[in-house]
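The block underneath contains the structure these notes are about, expressed in structure tokens.
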Amino acid sequence: MNKIPALSPTVLLAVALLIYPLIFSGAFYLDVGVTFLLAAISASAWNIVGGYAGQVSVGHAMFFGLGAYAPLLCYKLYGWTPMAGIPFGIAASVALAILIGIPTFRLTGHYFSMATIAVAELIRIYFGTWDLVGAAIGLQGPATARGWWDLTFRSELPYYYIFLTVLAVLLSFTYLMERHRFGYYLRAIKVGERAARSLGVPVQQTKIRALVLSAMFTSVAGSLYSVKTGFIDPESGFGILVSVQMVIIAALGGAGRLYGPLIGALILIPLQTATNTWFGGGGTGLTFIVYGGIIVLIARYEPGGIYDLWEQISPRRWRRKHAS
Amino acid sequence: MKGFRVLKAVAAAATAFTFYAAAQTNAAESVKIGIIWPLTGNAAAAGQASKAAAEVAADIVNNAHPELGDLPLAKTAGLPNMGGAKLELIFVDHQGNPSLAQQLATRLITQDKVHVLMGAYQSSCSFTATAVAERYGIPFMVGESAAGNITGRGFKWVFRGTPIASDYARTYMRFFADMKKQGKKIDSIAIVNENTDYGTSVADAIVEEAKKANVPVALRIPYSASSTDVSAQILQLKEKNPDVVIFISYTADSILYMKSMNNLQYKPPMVIGDDTGFSDPSFIPAVADAAQGAMNRSAWAIGKPGSTTYKINEMYKAKTGRDLDDTSARNMQSFFALADAINRAGSTDPEKIREALTKTDLKPEQLMMGYQGVKFDETGQNILAATYLIQLHDKSYELVWPDNAATAKLQWPMTGGKN
Amino acid sequence: MLLLQVIVGGLLLGAIYALFSSGLTLIWGMMNFINFAHGEFVMLGMYVSLLVVMYLGGGPAAFGFGAAFALFVLGVVVYLSLIRYVLRGPMLAQILSTFGLALLLRYTAFWIFSANFVSLPQTSLSGTINVGGILMPIPQLVAGVIAILLTIGLHLMLTCTTIGSQLLAVSEDRGAAMLMGIKPDRMQALAWGLSAGAAGIAGALMAIAYPWSPSVGETFGLTAFVVVALGGFGSVPGALFAGLIVGLIQALSAFWFGPIYKDIVVYALFVALLWLRPQGLMGKA
Amino acid sequence: MLLEAHAVSKSFGDFFAVRDANLSVGEGEIVGLIGPNGAGKSTFFNCLAGDAVPTSGKIIFDGQDMTKAPPEAHARLGIGRTFQVPATFEGMSVIDNVMVGAFLRHPHQGDARDHASRIIELTGLKAQMDLAAHSLGTPGRKRLEIARVLATNPRLMLLDESLAGLTPTELQEAIRLVRKIHEMGITIVIVEHIMEVIMTLAGRVLAFNQGHVIASGRPEDVVKDEAVIEAYLGRGSHRVRRRSA
């Protein structure tokens, strides 16, 4: 009885996303759709540790970048399909997550954020000097596909549905996580670490698990990016803007909410595209003035993200869904 | 009704795009050129300058400018082979983001229905944007991206009018050989390069060519262009004492290097700047007291009053208040080559334009740049692109090498600054 | 000798880091607030200096003061119109607000001043002095010395004046400070003014020797974070010390390992230090 | 003995918050810790709960040395605690709060929910079950904290001023709740500075002053102890609540 009202918006959302390419079949709209999905995937992945567990990482580009480099590196070194690199990216990200998670989670609040920024910058600069990964020039994917397995498509359509599948998997995973002990523990840690420990929540271990899961999905997002773009360099993989974008999208929509990042991406990506379309060619920087201004306004007037606004509009529905 | 709202939001956003796109499409007889440059972000200065240059170039093509001599398409208004059709430029801003460059190339081709593309300054963005053009079969003119492998990936639709890193490197080696013949001492050189794609590509090429030419590279210093202090590097140079130091730098860092060298009283026999930062209009006023005799690579020279190049520079100056720099000028030259090909194609059909581009053969007197011509090889690279070396004399650059084009005498060693 | 020269260069740069980081550490320590727009304050300080020189023909004293004043006002305005509302909100909203502000400031400058690089016209501050074989460029020397003096001055102001102790009282215990009749809002506005003002002067000092464009703030912002975290949040002497250390480490690692490694070394030390001593070099335990 | 503390001291620099405190609690007892503000009872309490590591001394629970064990190990072994300032998980609903505790012994969501519902019923929070924790008032949140701890199936509960700041009616209800918990066979250590509460609940009392245990024994004896009277009157027993050490 509880499931049906909770699921129906999800169904509508799923249908909307599934039929989007049929309605907006132009390559540009598809590309915007793909960009939107990628942003939603990255921010949802960030959301696991940044939103649910409340550990605000501003260095998630480190996982995104590792995930992005792995496929193209496999292609460059061994001529494999870029797909083959995805597991390597995940493995590297998981290793990094554990490596930095153990010492870093002793830090709280801003210290954790600062440490993650520093590690991501460290990796970015290092990759810029490392010849094996193309140093500053970066890596390219196959110019033309040798077969479907190269995932180098002429059309955006396959990317759209691949990305949508990944997003669906990630959101289903998050949905289950929310309902699992792990999800409860994460939320408890977020609001009261000390109280959580007193109730027997293994805080350290739970945080590291969250970081590892988040890193895995962020790495996949990175892999999808580089396979689709066919190019990666230190800035687009590990740049601070990559990290900040994940934070902004999740925070805009509603951090620690299942659909928060999705809603954030739904607002931000069309906003970015529209401002760049309208003002970009003028070269006045108006794109960023509008973009920055809207971010400031939302932070000022809706600090909990757009999702919170929703709650206020339909409190009854929310209560039923979230409190049960 | 949450989901429904989401759906509505998507629809609203999408409708907004559709309206916009509809407004963009018009049925004029013009030839649409989509231009992808970084108009914001770290490389915005170069993108903005190039945008102004492209606008001047479009003005020259679209309106009658008989005063500009042999420059193709200047005399007539519009493209004569297409009944005077005008060029219509659509600028977009990729912000230095390769993925955005890809998206914008897609937009220009599928929404704005441009007939040709041009861009994209940063090599990273040229990589991704050209791949889109190749996929859709739209000619793409790379105006100014140094990385060697933008052409040579087996692409049919990509052309590059500008010289590439290895061309620059070979020019330097020819210059050194020339100097040695004149008895100048060049026993070792040092390379100081900013460490993004531009600096790395050029420095790599110089190291390679120097090996072939038997010029020892005493020191190579890659650095980040956002450095706020470079004294440590200058002291390293001082220690190794090379005969020539080549700087591959952006604007702030090149100024910082010249000033700090003067402050730390380090003066190598010769400094050569690899264009970019040394060609930025803010460079000369900032370092005129500190870097007299510094050389720079450039294929652009303003020339004597009355010359075609001088007039072009006047037009540019009227628009921006600044002199045309080499980077923008090379973009402009690529633009002219593209316009010439479109005119010869006599059609907006991409395949015909591509064919015309492959048959391009502009002579030196038809150019605004100091190239030996414009002619594309099978990879799309202009094989006649070349460059001059210029030298800072007082408050402007003078063309000093090669000898046959020189307007002033080379000073060796450089005089540097007051200290 | 060379090494000594490198050290001097590093310390002079570090002094400027110290000055603009001391502003950041002030509000960070006082309000537990990360300001991602701090680098933009430095950038605006540079442009204000340029305006003062170009339109008012002011010398270094005039543009230094002008930048400090203009940025002080901006800091207060930013606090009153934005920060006070997000201050007690979630940490994410705080990050969001100052990140948005950074974009807004950077691209407003971009719009007004264009993307082109500018530098101050040559001022009376030029030349180099030679102290026992060590060369010290006068602009950097003056900038460094002023920066150190101002940072010390800021510290003295916080510790030895009434206003300073009121500021510290608010940062220690907001409620108690209110009971003592201090208006926290006013004090926090003042702190933002001081913080931005310090960044403004730092910008003016940087402008003497360094060309810039609107995107210059990004680099400064990151450096300031490292300095503040190293020095301990809220500690002005810590920022001074850490600023000098960071300048020194950058110069030495640039000299020994090459300039591209200097940031790697700084970040690596920073991360290592966070693990070993999370409260910073001089922070409260 | 269920819980034993031997010569526990905790110092911050030169300052001893607790010095040589001894305590032994038998299965099924209710022991009160009293003392004026700043007497060290909260610090001692935090040592027992694993929130602070004693500078010296030993804490044994059910035969296991817990001196340096982290709080989560305490919870696992059956020591639950509440906080002086209620630390409920704001933004989570009441039932979700209790479920976090319930998960300790019931890893599956369904079991945890059932268990939590039982506890909520027991603690009288049923009507507020689906409300967000922050919408409860202080008494409700204190009750919620107790429910949350109860959900971890503790053998020993440490209550840190869980009854402070309540109105007389609320207080009576709370006392009933504590009794009910005690009847379930749970041993209780309770920190309180309101004498009356201790008098009615505790079977045994330890009085703290300036870090030392100054008296211990049956509540009616301890309140008559001169040192205790002096400590309370001399320091003033109803000062504003101080921050926990």
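Chains as they are written, first to last, in my numbering: chain U, 1 to 324; chain G, 1001 to 1419; chain P, 2001 to 2285; chain S, 3001 to 3245. Just so you know, even glycine gets a beta-carbon here, dropped at the ideal spot from N, CA and C.
For LYS3010(S), the uninterrupted beta strand (DSSP E) run begins and ends at 3003 to 3012, by DSSP. Spatial neighbours of GLY3203(S) in its own chain (CB-CB distance under 6 angstroms, excluding positions within 5 residues in sequence) are listed in chain order as GLU3029, ILE3030. Short of 8 angstroms from the beta carbon of GLY3026(S), and not among the five residues preceding or following it, lie these beta carbons of its own chain, in chain order: MET3001, LEU3002, THR3187. When 8 angstroms is used as the limit between beta carbons, SER2215(P) is near these residues of chain G: GLY1041, ASN1042, ALA1044, in chain order. Straight through space, the alpha carbons of LEU1235(G) and TYR1310(G) are spaced by roughly 40 angstroms.
Under the 8 angstroms Cβ criterion, the region 1323 to 1341 of chain G counts as touching the region 1150 to 1165 of chain G, having at least three qualifying pairs. In the DSSP assignment, GLN272(U) is bridged to no other residue.
C-alpha of TYR1121(G) to C-alpha of ALA1054(G): approximately 13 angstroms in a straight line. Residue pairing for GLU1194(G): DSSP places it in a beta bridge opposite TYR1223(G).
Closer than 9 angstroms to the CB of ILE2083(P) there is not a single CB belonging to chain G.
Counting C-beta atoms within 10 angstroms of its own C-beta, LYS2262(P) has 16 or more neighbours from the protein chains shown and is therefore classed as buried. If you check each beta-carbon in the region 1224 to 1249 of chain G against every beta-carbon of chain P, the ones closer than 8 angstroms belong to SER1224, SER1226, SER1227, THR1228, ASP1229, VAL1230, SER1231, ALA1232, GLN1233, LEU1235, GLN1236, LYS1238, GLU1239.
Positions of the beta strand (DSSP E) runs, each at least 3 residues long and wholly inside the region 171 to 195 of chain U, cannot be given because no such run exists. Between GLY280(U) and MET62(U), the alpha-carbon positions lie close to 29 angstroms from each other. The secondary-structure analysis by DSSP pairs LEU3156(S) across a beta bridge with ILE3079(S), THR3187(S).
With its beta carbon at least 9 angstroms from every one in chain P, PHE64(U) lies outside the interface. Assignment of TRP2212(P) by DSSP, reduced to helix, strand and coil, places it in the strand class. Close to chain U, meaning a Cβ-Cβ distance shorter than 9 angstroms, are the following residues of the region 3087 to 3101 of chain S: ALA3087, THR3088, PHE3089, GLU3090, GLY3091, MET3092, SER3093, VAL3094, ILE3095, ASP3096, ASN3097, MET3099, VAL3100, GLY3101. Inter-residue distance for GLY2153(P) and GLU2172(P) is about 21 angstroms (C-alpha atoms, whole angstroms). Taking PRO3086(S) as the centre and dropping the five residues before and after it, the same chain places the C-beta of ARG3141, LYS3142, GLU3145 closer than 6 angstroms to its C-beta, in chain order. Within chain P, the residues placing a beta-carbon under 8 angstroms from that of THR1251(G) are PHE2117, PRO2211, SER2213, ordered along the chain. Residues of chain U whose Cβ lies closer than 7 angstroms to the Cβ of ALA1131(G) are, in chain order, ALA143, GLY230.
Contact between the region 1275 to 1283 of chain G and the region 1305 to 1325 of chain G is present, with at least three C-beta pairs closer than 8 angstroms. When beta bridges are read from the DSSP output, GLU1398(G) appears opposite GLN1391(G). Taking 8 angstroms as the upper bound for CB-CB distance, LEU2248(P) and GLY2014(P) are in contact here, some 6 angstroms apart. In this model, GLY2193(P) and THR1228(G) are separated by some 26 angstroms (Cα to Cα).
For a Cβ distance threshold of 8 angstroms, nothing in chain U lies close to ASN1313(G): the least Cβ distance comes to about 21 angstroms. Looking at the DSSP output, ASP1093(G) sits in a beta bridge with TRP1037(G).
DSSP places LEU2269(P) in the uninterrupted alpha helix (DSSP H) bounded by 2260 to 2276. If one requires a minimum length of 4 residues, the alpha helix (DSSP H) runs lying completely within the region 2047 to 2103 of chain P are 2060 to 2078, in chain order. ALA1190(G) sits close to VAL1217(G), with the two beta carbons spaced by under 9 angstroms. For ASP1280(G), the neighbours in chain P by C-beta distance under 7 angstroms run, in chain order, PHE2117. With contacts defined by Cβ atoms closer than 9 angstroms, LEU30(U) and LEU17(U) do not form a contacting pair. Taking 8 angstroms as the upper bound for CB-CB distance, ALA2115(P) and GLN1048(G) are in contact here, some 5 angstroms apart. Secondary structure note for ARG1160(G): its beta strand (DSSP E) is the uninterrupted segment 1158 to 1160. Per the Cβ contact rule, the region 217 to 227 of chain U is not in contact with the region 3101 to 3111 of chain S (fewer than 3 Cβ pairs under 8 angstroms).
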